[in-house]
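Data first, discussion second: the structure below is written as structure tokens.
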């Protein structure tokens with residue numbers, strides 16, 4: 001497995017670190033395996049800061065989606081850029097205390113897209129577009145060792161971020177589960193068998209595995225009064241057959 005050479009932190013530790021870095025407008029990159037809750041961390045920070053979160057799946061974007069589209073301004077006689085509508089403008093900035101631009105799946109974006117994002121992250125501007133002062137940037141992605149579709153981040157881009165790697169922490173998950181009314185059977189089982197909260201193995205061919213995200217799916221499934229066989233099939237599809245029969 002790759003060594004990211006960055007400090008591993010719990011979800012709650014990550015939230016505290018990100019909020020502190022935001023005070024200096026330092027962009028953060030959250031590393032972690034699939035299903036560990038990277039997106040949820042950003043949403044929870046947004047709620048706590050009363051911030052509007054703009055979730056951008058950068059892996060689905062083209063370079064022009066960041067830089068904008070050029071067009072000829074007949075009045076000025078020059079080419080100008082039409083900025084992307086997804087990025088916050090001054091009008092939106094006035095409506096919110098903070099805006100968090102969340103660049104999810106950033107290292108799954110093509111190198112050309114990452115290159116376009118570099119200027120936005122480095123200078124807080126791209127083309128003729130400038131980020132408003134109350135906009136904060138956080139990005140996230142899976143590790144190369146997780147066997148997802150990833151591209152190695154260029155060193156100059158990586159150097160613009162403060163990097164944090166999220167680790168599974170049962171106590172943090174339990175606190176979240178109680179606050180969010182997760183099904184008592186899920187909470188009870190995982191309290192008894194904490195190691196089963198997360199069993200992702202990138203070397204395994206299994207398509208179903210246990211993560212905080214997939215246990216949340218299980219919690220939703222158990223809320224329905226359905227026949228036992230159907231429930232077992234669905235739970236197996238969420239966390240794997242071995243855990244489903246437990």
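Residue numbers (full-length UniProt numbering): 1 to 246.
No residue lacks a Cβ here, since even glycine has one placed at the ideal position from N, Cα and C.
Assuming contact is defined by CB atoms lying nearer than 8 Å, are residue i and residue j in contact in what I supplied?
i, j, result
"residue 209", "residue 239", "yes"
"residue 200", "residue 35", "yes"
"residue 9", "residue 31", "no"
"residue 86", "residue 41", "no"
"residue 136", "residue 14", "no"
"residue 249", "residue 28", "Lying outside 1 to 246, the shown extent of the chain, residue 249 is not represented and no answer is given."
"residue 23", "residue 51", "no"
"residue 219", "residue 183", "yes"
"residue 146", "residue 33", "yes"
"residue 77", "residue 213", "no"
"residue 231", "residue 221", "yes"
"residue 99", "residue 88", "yes"
"residue 312", "residue 132", "Absent from the model: residue 312. The displayed extent of the chain is 1 to 246, so no value can be given."
"residue 162", "residue 26", "yes"
"residue 215", "residue 186", "yes"
"residue 70", "residue 61", "no"
"residue 113", "residue 190", "no"
"residue 197", "residue 176", "no"
"residue 17", "residue 104", "no"
Could you tell me whether any non-hydrogen atom of the ligand GTP is closer than 7 Å to the CB of residue i?
i, result
"residue 171", "The ligand content of the structure shown is nil, which means the ligand GTP is not present either."
List the residues that DSSP assigns as beta-bridge partners of residue i.
i, result
"residue 136", "100"
"residue 70", "81"
"residue 29", "139 and 163"
"residue 8", "165"
What are the start and end residues of the alpha helix (DSSP H) that includes residue i?
i, result
"residue 231", "228-239"
"residue 209", "No alpha helix (DSSP H) holds residue 209; DSSP gives it neither H nor E."
"residue 88", "Counting along the chain, residue 88 falls outside any alpha helix (DSSP H), and DSSP gives it neither H nor E."
"residue 11", "11-22"
"residue 113", "111-123"
Grab the span of the beta strand (DSSP E) containing residue i for me, first residue to last.
i, result
"residue 51", "51-57"
Taking 8 Å as the threshold, find out whether the region 142-160 comes into contact with the region 107-126 through three or more Cβ pairs.
-> yes
Are there three or more Cβ pairs, one per stretch, closer than 8 Å when the region 123-138 is compared with the region 58-71?
-> yes
Alpha helix (DSSP H) runs wholly inside the region 127-199, at least 4 long, in chain order = 155-158, 170-179 and 184-192
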